[in-house]
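First to last, the sequence lines map onto chains A and B. Residue numbering for the first sequence follows this note's numbering, starting at 1 and increasing by one per position. Residue numbering for the second sequence follows this note's numbering, starting at 1 and increasing by one per position. Glycine included, C-beta positions come from ideal geometry on N, C-alpha and C.
Number of protein chains: 2
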Amino acid sequence: MSSTTAKSPDVSRRSERSRKAILRASMELVGEVGYPKLTIEAIAARAGVGKQTIYRWWPSKAAVLLDAFTEVVHDEDYSSGLPDTGDIEADLKYVLRATADEFSDASFEAPYRALAVAAAADPELADQFVSRLREPGVRVYVERLRAGQEAGQIDPDLDLDLAVELLLGPFQQRWLNRTGPLTHEFTDGLVELAMRALAPRATPR
Amino acid sequence: MSSTTAKSPDVSRRSERSRKAILRASMELVGEVGYPKLTIEAIAARAGVGKQTIYRWWPSKAAVLLDAFTEVVHDEDYSSGLPDTGDIEADLKYVLRATADEFSDASFEAPYRALAVAAAADPELADQFVSRLREPGVRVYVERLRAGQEAGQIDPDLDLDLAVELLLGPFQQRWLNRTGPLTHEFTDGLVELAMRALAPRATPR
């Protein structure tokens, strides 16, 4: 009995180590070889596990990658909510600057681009990408804008989903289509311009 | 002498027919097989020309495709300027509705997506894509907004390049990332929201 209870945490620790190694390997590899050439075999080899270990936990390479990104995003991207200092323009500037910095980090950017490119080419993967990664990201922006409405800094009649598209679409286009650099000057200017659309109207009509 | 002058127009007509067949074939094929699998051989076969004919005029498949899209865009996409009825909001709604309709046409959408996906994965192709196709498109929007400034409908202090990103980024993101449908309701709402940012400020500050 005591040997069993002593063993369980070890097994669980080993599993958790394997799981993290697999997720990390999947992100590294997709950034190196792209999504089409990514294989479960290569992920297993890089993570130092048997490929059956991966198949026991995930049905496909897409599922592994979506878990990997979900974990990164949950760790780093304010999944518990955007900052709320009471100044929505300052908070949005802070978050978009941090996001621009994250996209300047190749260890994040390369795998994320590989997944975004694959999703743009593959409607089924796009569905999963949108529901697993994009929608939760949009939610935290919508919630921050809703708090801004309550604070009188955001127009109470606004379609908040469209407002988030107005804020994030230009960033996303610059990044994915490489139409310009993701500088803080750009993100600050984008927030300032978008806030003109999102703020309560100056004159009633 | 008379046989030479009689022949030249024929040669020129045949060349023009071949050129158009090649451009059309390149767009059809890239939509069918994607950019990575597109070959000059397959374009030549579909167009009914020898592959040397293609290599005489273009250095690469990217060059063929960029010419093909440039021609389509020049024919259909207001390269001579956006409509100017004097009402900028109405004109932008009209143009974005028409663009949404164009992106709902698979014969345009499939090849354009294939090229955009390839450009997202390939910085060199992205450079050409941006300078050959995107920049001229942005120019006509900037010019229409500048006319709007002169007409007092657009803020005279605005960064017009950023303004175009605010207007087109959300459209582009919905399309390429498949985050929502490109309906007229969406494009109208986007123009209305963006115009709140672009219009002259209601109160001086």
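Asked, Found
"I'd like to know if V191/A contacts chain B, where contact means its C-beta is closer than 7 Å to some C-beta of that chain.", "no"
"Over the uninterrupted alpha helix (DSSP H) stretch that includes S107/A, give me the two end residues.", "A106 to A121"
"Determine the closest residue to F129/B out of V138/B, A121/B, A116/B and V140/B, with distance taken between C-alpha atoms.", "A116/B"
"With a threshold of 7 Å between beta-carbons, can E214/A be considered close to chain B, or not?", "Summary: the structure shown does not reach residue 214/A, with chain A confined to residues 1 through 205, and so no result is reported for it."
"Since L65/B contacts S18/B with CB under 8 Å, what's their CB separation in whole angstroms?", "With 8 Å as the limit, L65/B and S18/B do not qualify as a contact, their Cβ atoms being about 17 Å apart."
"Using 10 angstroms around the beta-carbon of P111/B, count the other beta-carbons present and answer buried if the total reaches 16, otherwise exposed.", "buried"
"For the structure I just gave you, are there three or more beta carbon pairs, one from the segment 142 to 151 of chain A and one from the segment 79 to 88 of chain A, closer than 8 Å?", "yes"
"Give the secondary structure of L182/A by DSSP, where H, G and I count as helix, E and B as strand, and everything else as coil.", "coil"
"Does any C-beta atom of chain A lie closer than 7 Å to the C-beta of R178/B?", "yes"
"For A63/A, would you say it is in contact with chain B, using Cβ-to-Cβ distances shorter than 7 Å as the test?", "no"
"Can you list the residues of chain B that P170/A reaches, using a CB-CB cut of under 7 Å?", "E165, L166 and G169"
"Use the C-beta contact count for Q173/A: other C-beta atoms within 10 angstroms, 16 or more gives buried, fewer gives exposed.", "buried"
"Determine the burial state of A151/B: buried for a count of at least 16 other Cβ atoms within 10 Å of its Cβ, exposed for fewer.", "exposed"
"Please report the distance separating the alpha-carbon of L176/B from that of A106/B.", "14 Å"
"Could you give the residue range of the alpha helix (DSSP H) that holds T39/A?", "Counting along the chain, T39/A falls outside any alpha helix (DSSP H), and DSSP gives it neither H nor E."
"Taking the continuous alpha helix (DSSP H) assigned at V95/B, which residues delimit it?", "I88 to F103"
"Roughly how far, in whole angstroms, is the beta-carbon of T187/A from the beta-carbon of F171/A, given that I think they are within contact range, below 8 Å?", "7 Å"
"Check whether chain B comes within 7 Å of R144/A, counting only Cβ atoms and requiring the distance to be less than that.", "no"
"Would you list, in chain order, the members of the segment 110 to 128 of chain B that have their beta-carbon closer than 9 Å to a beta-carbon of chain A?", "R113, A114, A116, V117, A118, A119, A120, A121, P123, A126 and D127"
"Could you list which residues in chain A have their beta carbon closer than 8 Å to that of V130/B, in chain order?", "N177, R178 and T179"
"Please list, in chain order, the chain A residues whose beta carbon lies closer than 8 Å to that of T194/B.", "Before going on, a small fix: residue 194/B reads as Ala here, not Thr. Those within 8 Å of A194/B in chain A are L166 and A197."
"What is the rounded straight-line gap between the Cα of D122/B and the Cα of G34/A?", "11 Å"
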